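Residue numbers (our numbering), protein chains in the order written: chain A, 39 to 462; chain B, 5 to 470. Ideal Cβ placement from N, Cα and C applies to all residues, glycine included. Every value quoted in this text rests on a predicted model; they were computed, and no experiment measured them. Notes follow once the structure below has been shown.
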Amino acid sequence: MAFRAVMSRRVTNRSSDIGARWMSTWWGNVEPAAKDPILGVTEAFLADPSPSKVNVGVGAYRDDNGKPVVLECVREAERRIAGHSNMEYLPMGGSVKMVEETLKLAYGENSEFIKDKRIAAVQSLSGTGACRLFADFQKRFRPDSQIYIPVPTWANHHNIWRDAQVPQRTFHYYHPETRGLDFASLMDDIKNAPNGSFFLLHACAHNPTGVDPTEEQWREMSYQFKAKGHFAFFDMAYQGFASGDPERDAKSIRIFLEDGHLIGIAQSYAKNMGLYGQRVGCLSVLCQDEKQAVAVKSQLQQLARPMYSNPPLHGALVVSTILGDPDLKNLWLKEVKVMADRIIGMRTALRENLEKLGSPLSWEHITNQIGMFCYSGLTPEQVDRLTSEFHIYLTRNGRISMAGVTTGNVGYLANAINEVSKSA
Amino acid sequence: MTSTSTMLSLASAPPTASLSVHENLKGRLKLGGGSLSFNKEKANPFINTKSFSRISMVAAVKISRFEGVTMAPPDPILGVSEAFKADNDEKKLNLGVGAYRTEELQPYVLNVVKKAENLMVERGENKEYLPIEGLAAFNKATAELLFGASNPVIKEQRVATVQGLSGTGSLRLAAAMIERYFPGAKVLISSPTWGNHKNIFNDARVPWSEYRYYDPKTVGLDFDGMIADIKAAPEGSFVLLHGCAHNPTGIDPTPEQWEKIADVIQEKNHIPFFDVAYQGFASGSLDADAGSVRLFAARGMELLVAQSYSKNLGLYAERIGAINVVCTSADAAARVKSQLKRLARPMYSNPPIHGAKIVANVVGDPTLFNEWKAEMEMMAGRIKNVRQKLYDSLTAKDKSGKDWSFILKQIGMFSFTGLNKAQSDNMTNKWHVYMTKDGRISLAGLSLAKCEYLADAIIDSFHNVS
Chain A
39 MAFRAVMSRR VTNRSSDIGA RWMSTWWGNV EPAAKDPILG VTEAFLADPS
89 PSKVNVGVGA YRDDNGKPVV LECVREAERR IAGHSNMEYL PMGGSVKMVE
139 ETLKLAYGEN SEFIKDKRIA AVQSLSGTGA CRLFADFQKR FRPDSQIYIP
189 VPTWANHHNI WRDAQVPQRT FHYYHPETRG LDFASLMDDI KNAPNGSFFL
239 LHACAHNPTG VDPTEEQWRE MSYQFKAKGH FAFFDMAYQG FASGDPERDA
289 KSIRIFLEDG HLIGIAQSYA KNMGLYGQRV GCLSVLCQDE KQAVAVKSQL
339 QQLARPMYSN PPLHGALVVS TILGDPDLKN LWLKEVKVMA DRIIGMRTAL
389 RENLEKLGSP LSWEHITNQI GMFCYSGLTP EQVDRLTSEF HIYLTRNGRI
439 SMAGVTTGNV GYLANAINEV SKSA
Chain B
5 MTSTSTMLSL ASAPPTASLS VHENLKGRLK LGGGSLSFNK EKANPFINTK
55 SFSRISMVAA VKISRFEGVT MAPPDPILGV SEAFKADNDE KKLNLGVGAY
105 RTEELQPYVL NVVKKAENLM VERGENKEYL PIEGLAAFNK ATAELLFGAS
155 NPVIKEQRVA TVQGLSGTGS LRLAAAMIER YFPGAKVLIS SPTWGNHKNI
205 FNDARVPWSE YRYYDPKTVG LDFDGMIADI KAAPEGSFVL LHGCAHNPTG
255 IDPTPEQWEK IADVIQEKNH IPFFDVAYQG FASGSLDADA GSVRLFAARG
305 MELLVAQSYS KNLGLYAERI GAINVVCTSA DAAARVKSQL KRLARPMYSN
355 PPIHGAKIVA NVVGDPTLFN EWKAEMEMMA GRIKNVRQKL YDSLTAKDKS
405 GKDWSFILKQ IGMFSFTGLN KAQSDNMTNK WHVYMTKDGR ISLAGLSLAK
455 CEYLADAIID SFHNVS
């Protein structure tokens, strides 16, 4: 074992000079970690000096000038907050006000579950933190369970459940031939999984494919989940971003709730409120009654305490300021729609450009898919060519972040995609 | 408080709060006349039932996977504030959590923080994701604050610094690193130590054991016990040390004692692991409080250091800190940093930006930096004054001749009073003084005005309760 090898080197070092002993290191067995496949793309992009470079890698929204956007509602909220808030520790479960408003978004403004206090909910470190807390909770209280993860999914999902030591299985999702949903195989996988399995579902705007089930398909899935007694855990990172309407984007969740499922949800404000760096989100678990919700919440807090004690305040304050003020909330809803509409517009533009170039391939999927990402169908080798020949940065699975596409670069992007794919 | 070291290897111990969920779930559900069980061997009730939709609707609502989840106990530290809030007595005093209060017992937002926040709003910076390792300007500033900008470890780029979620998050990252790269290695923690240390290592599945630290007879440091226990531990253990202002005792080794501690750690090939949550808060001087860390670094030792800005910049809620790993080469530091990132990504992807920007702005601006130093001296000064007044009150009121001078010898936000659990309970139940059960009081929550009342409470609890 590497550690023991290091140890024996140490023990045989007989030098009487203490300083000399410390020329070798404890960390000889530490290999450099592979670059994160998603965040590593932006690092490479930043290092590229080419003036025509395009970043369609990480899923962070850009305006039509390719610039990051801070929403007006956020700026206004920050003006109100700056220099005024005291900095006291939030409770371990985070900002109560922020969590209340967040639950309304997911479960419905007048949700009976909120009224009946059946939801165990805590503020989390954005979507990642919510998923990780749930994974740790699942490990602690259902140690024999596994998680079924769609193929493909956001890469970090695998890391999260792996580091939480919950075994993973996969279920069919993306259909490469149609660039759509492999619904038949998906349903088979649901039926064949052992009763009472845990499934990870993307509530809307599936990442990385942009392929979502239709409403009918969600209903069938819910029905089958009931038949099998499965547990549905929704990762909702794009509410509002998919269609422009947060209520519509929560449809999958509402269907499962209507059907009586007791679900879990990870919510994030990284994209829909542009609060990426603030790490604001929420983990909720719908329980059978208030008593159980109180117990579950206490255990979620118990998991959070040795990870970070309590969550950061600033982002939560921004969220509760905005959602707690009707005018600011309306402004937010308008701004979310603007972002979603711009992306839908870019999908149309990219597809039209490719068709105009006479590409022999079908690009329907660009406008069929929804949300920030487009699963282009490009191979890793084609992606590598996009980067090395055209300075276009995206993840090697062919995922294009539509948020990085602008009227200024869509023509260049279409041309490059056509070049690398026309001989396919 | 135990005065012997206890070997508590908890690598495979289950969390105490959980029950066997399967015991709870078996045969507990009743639906109509029959009963439902979630034992996997039995037939699935949904598939066999005839009136499918009605029963499955009802069943889906009643049955939860988390049926067996019991209520977790209140956190021993954070739970104190919650109990305090619920108390209606006007004499109540919160000496629980270590958050600084003014003489008027109000929370204090540092002026430099307000200024920095206003600057940030004016500049209108964007809120993009930080890189996994955090804000570069913050990482640079924090390492320089800790080691000194001209320190060889900095100049030679031998420190891997990753922004973390305050002290807790930084400790957790380090613990995860230990678990992955030093499987089976133990962490030695002081007896007593901050309550959350054990939770962190437990949840990270890193075994730990205790070294003697607090001596109840002298209300001081059990130095011989500490050295003996560090010597007795298996070679290559990690030794968790409080850089300054030990929590909960307030008892710090002297510079001479630090040298001897460094000697025995080197002798046993242990790795020093500093928790620095109070730099600047202990003595009022940032450099003086970093003395122990710098002493070890000067010896060429590799070490880990977790930092927090919760107290010294009053940024409690923003969760800003860092984990630093000092290596013997820049190459090792780069590799270690990459692996710390790999541990952080599945925990929270990247750290929150707000607190990092505040620190970077304050430290990066000479005017703000000097203002900060002044505010920190003011906070540390208030605590020293309160210590003095408490000592004076106790000495004047207590006729037993007990030596209360340990209050003056201890340093930082906390004082270990020597009160046991029953006596601490008396403090709360009779005197409405809220503190942790280990006898720790937070002087940051004490005003000069309340010193006499507190002295009465302590004297009563000490002499009249056993």
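field: Proximal residues, the stretch 393-406 of chain A versus chain B, C-beta separation under 9 Å
entry: Flagged: no residues at all.
field: Interface positions of the stretch 321-339 of chain A facing chain B (Cβ-Cβ less than 8 Å), listed along the chain
entry: V323, C325, Q326, Q330, V332, A333, V334, S336, Q337, Q339
message: On the criterion of 16 or more Cβ atoms from any shown chain inside 10 Å, does B/K434 qualify as buried, or is it exposed?
response: exposed
Beta-bridge partners of A/D273, as assigned by DSSP: Partner(s): A/H240, A/A304.
query: With C-beta atoms as the reference, is A/A243 less than 8 Å away from A/G165?
result: no
Beta strand (DSSP E) runs contained entirely in the stretch 163-206 of chain A, provided each spans 3 or more residues: 185-189
message: Using DSSP's beta-bridge definition, name the partner residues of A/Q161.
response: A/C320
message: Within a Cβ cutoff of 7 Å, which residues of the same chain sit near A/G449, ignoring the five residues on either side of it in sequence?
response: A distance below 7 Å between beta-carbons, with the five flanking residues on each side excluded, links A/G449 to the following residues of its chain, in chain order: N391.
field: Spatial distance of B/D226 from B/P276 (CA atoms)
entry: 19 Å
message: Is the beta carbon of B/S170 closer than 8 Å to that of B/G325?
response: yes
message: Counting beta carbon pairs with one atom in the stretch 224-238 of chain A and one in the stretch 265-275 of chain A, are three or more of them shorter than 8 Å?
response: yes
message: Counting only beta-carbon separations shorter than 8 Å, does B/G138 have a partner in chain A?
response: no
- prompt: Applying a beta-carbon distance threshold of less than 7 Å, which residues of chain B neighbour A/E116?
  reply: V125
query: Ends of the alpha helix (DSSP H) at B/G385?
result: Note, B/G385: alpha helix (DSSP H), 370-401.
query: For A/Q203, which residues of its own chain have a beta-carbon under 8 Å away from its beta-carbon, when the five flanking residues on both sides are left out?
result: K177
query: Pairing CB atoms from the stretch 130-142 of chain A with CB atoms from the stretch 117-134 of chain B, are three or more of them under 8 Å?
result: no
Three-state secondary structure assigned by DSSP to B/A164: strand
- request: Would you kindly work out how many angstroms separate the C-alpha atoms of A/L77 and B/A360, rounded to a whole number?
  value: 20 Å
task: Check the Cβ-Cβ distances between A/I198 and every residue of chain B, and say whether any is below 8 Å.
output: yes
message: Judging by CA-CA distance, which residue of B/G254, B/V113, B/K119 is the nearest neighbour of B/D442?
response: B/G254
query: Under 8 Å between the Cβ atoms of B/K454 and B/L97?
result: yes
message: Please classify A/E116 as buried or exposed, where buried requires at least 16 neighbouring CB atoms within 10 angstroms.
response: buried
Of the residues B/V437, B/V210, B/T197, B/K272, the one placed nearest B/I234, counting alpha carbons only: B/K272
message: On the CB-based measure, 16 or more other CB atoms within 10 Å of its CB, does B/D291 come out buried or exposed?
response: exposed
query: Do you know how far the Cα of A/L324 is from the Cα of A/F209?
result: 24 Å
task: With DSSP collapsed to three states, give me the class of A/Q330.
output: helix
message: Output needed in chain order: residues of the stretch 136-165 of chain A with a Cβ under 9 Å from some Cβ in chain B.
response: Residues of the stretch 136-165 of chain A with a C-beta atom less than 9 Å from some C-beta of chain B are A158, S162, L163, S164, G165, listed in chain order.
query: The beta strand (DSSP E) spanning A/Y450 covers which residue range?
result: Not the beta strand (DSSP E): A/Y450 falls in the alpha helix (DSSP H), residues 448-459.
query: Measuring CA to CA, which of A/I455, A/D365, A/T433, A/Q316 is closest to A/P190?
result: Residue A/T433 holds the alpha-carbon nearest to the alpha-carbon of A/P190 among A/I455, A/D365, A/T433, A/Q316.
query: Would the C-beta of B/D464 count as close to the ligand NAD, meaning under 7 Å from any of its heavy atoms?
result: The model depicted lacks the ligand NAD and carries no ligand whatsoever.
task: Since I believe B/L372 is in contact with B/V366 (beta carbons under 8 Å), could you give me their beta-carbon distance rounded to a whole number of angstroms?
output: 5 Å
- request: Starting from the C-beta of A/Q337, find all residues in its chain whose C-beta is less than 8 Å away, skip the five residues before and the five after it, and write them out in chain order.
  value: F175, R178, F179
field: Beta-carbon contacts of B/A459 that lie in its chain and below 6 Å, excluding the five residues immediately before and after
entry: S397, L398, K401
message: Using 8 Å as the threshold, is the C-beta distance between B/A321 and A/L128 below it?
response: yes
- request: If I'm right that A/F272 touches A/V374 with Cβ under 8 Å, what's the distance once you round it to whole angstroms?
  value: Not a contact, Cβ separation roughly 19 Å.
- request: Note the first and the last residue of the continuous alpha helix (DSSP H) segment covering B/A179.
  value: 170-185
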